[in-house]
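Engineer:
Residue numbers (this note's numbering), protein chains in the order written: chain L, 8 to 119; chain G, 12 to 124.
1) Below 8 Å, how does it come out for the segment 76-93 of chain L and the segment 50-62 of chain G: are there three or more Cβ pairs, yes or no?
2) Mapping the DSSP letters down to three states, classify residue 75 of chain L as helix, strand or coil.
3) To the nearest angstrom, how far is it from the Cα of residue 59 of chain L to the Cα of residue 110 of chain G?
4) Would you call residue 47 of chain G buried or exposed, if buried means 16 or more other Cβ atoms sit within 10 Å of its Cβ?
5) Give a yes or no on whether the minimum CB-CB distance between residue 106 of chain L and chain G is below 8 Å.
6) Quick one, which residues of the segment 59-75 of chain G are near chain L if we go by CB-CB under 9 Å, in chain order?
7) Counting beta carbon pairs with one atom in the segment 27-36 of chain G and one in the segment 83-98 of chain G, are three or more of them shorter than 8 Å?
8) Quick one: grab the DSSP three-state call for residue 33 of chain G.
9) May I ask you to list, following chain order, the residues of the segment 74-88 of chain L that have a beta carbon less than 9 Å from some beta carbon of chain G?
10) So the candidates are L/22, L/17, L/40; which of them puts its Cα closest to the Cα of residue 103 of chain L?
11) Could you name the residues of the same chain whose beta carbon sits closer than 8 Å to that of residue 20 of chain G, not counting the 5 residues immediately before and after it, in chain order?
12) Alpha carbon to alpha carbon, what distance is there between residue 83 of chain G and residue 49 of chain G?
13) What does residue 91 of chain G reach in chain C if we use C-beta pairs closer than 9 Å?
14) How is the beta strand (DSSP E) around residue 67 of chain G delimited, first residue to last?
15) Could you tell me how far apart the beta carbons of residue 74 of chain L and residue 62 of chain L are, in whole angstroms, since I believe they sit closer than 8 Å?
Written out as structure tokens, the structure reads:
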């Protein structure tokens, strides 16, 4: 069975600070990895995804994530956050069943 | 494309009443997921359909919950009878055959009093 762990439940930053949100998964085979963002009162939207190839994936709005297979990690990063990045961030993994498993989410608050 | 469409967006009902949530998939997509989101439990997968067939319903809480996909583009999630602990935001998400990412609908905020 696959599982996802997001270590940071709540993160509070000031604008222009750098961001890194942790995501670790457990699954023995080939995986597809995702980060979704949920802005307040809205639905989940895809930020970026990894299927294969370059382990450094660039997404929308300046976000990127790095797949490190040896660490079973897929951490999300952004060099300089903005107030508009305030949202809930979800990491998800999809293995052989193609049914994604979502982490509990990380709430990010960015102070202007 | 209009994206995934859910209705109603908000539903307030009394305990014991039947609730029906509706979801229209993105045209051409063949997989449908129903999720429930609460503060306490996060995002939970309730049921997954592929090509109109329920593949995994292990997340459906109990017999009060049922989901159908009468055609390739439409699904319903029914709760009968509803209880206050069913209060949550219910999302559906669709996925295409050649892709792996899901497209979420705007959600239905259900309040059972």
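The beta-carbon is built from N, C-alpha and C at its ideal position, and this holds for glycine as well.
Just so you know, these numbers come straight off a predicted model, no measurement behind them.
Structural biologist: Taking the definition as stated:
1) In short, these stretches do not touch, since the Cβ pair count stays below three.
2) DSSP places residue 75 of chain L in strand when its eight states are reduced to three.
3) Straight through space, the alpha carbons of residue 110 of chain G and residue 59 of chain L are spaced by roughly 13 Å.
4) Residue 47 of chain G is classed as buried because its beta carbon has at least 16 other beta carbons within 10 Å across all chains shown.
5) Chain G, which has a Cβ nearer than 8 Å to the Cβ of residue 106 of chain L, makes this yes.
6) Residues of the segment 59-75 of chain G whose Cβ lies closer than 9 Å to any Cβ of chain L, in chain order: 59, 61, 66, 67.
7) Counting Cβ pairs under 8 Å, three or more are found: they touch.
8) In this structure, residue 33 of chain G counts as strand in the three-state DSSP scheme.
9) The residues in question: there are none.
10) Taking only the C-alpha atoms, the option nearest residue 103 of chain L is L/40.
11) Around residue 20 of chain G: 117, 118, 119, 120.
12) Here the C-alpha atom of residue 49 of chain G lies approximately 28 Å from the C-alpha atom of residue 83 of chain G.
13) Here chain C cannot be found, since the structure's protein chains are L and G.
14) Here the beta strand (DSSP E) through residue 67 of chain G covers 64-67.
15) About 4 Å; that satisfies the 8 Å criterion.
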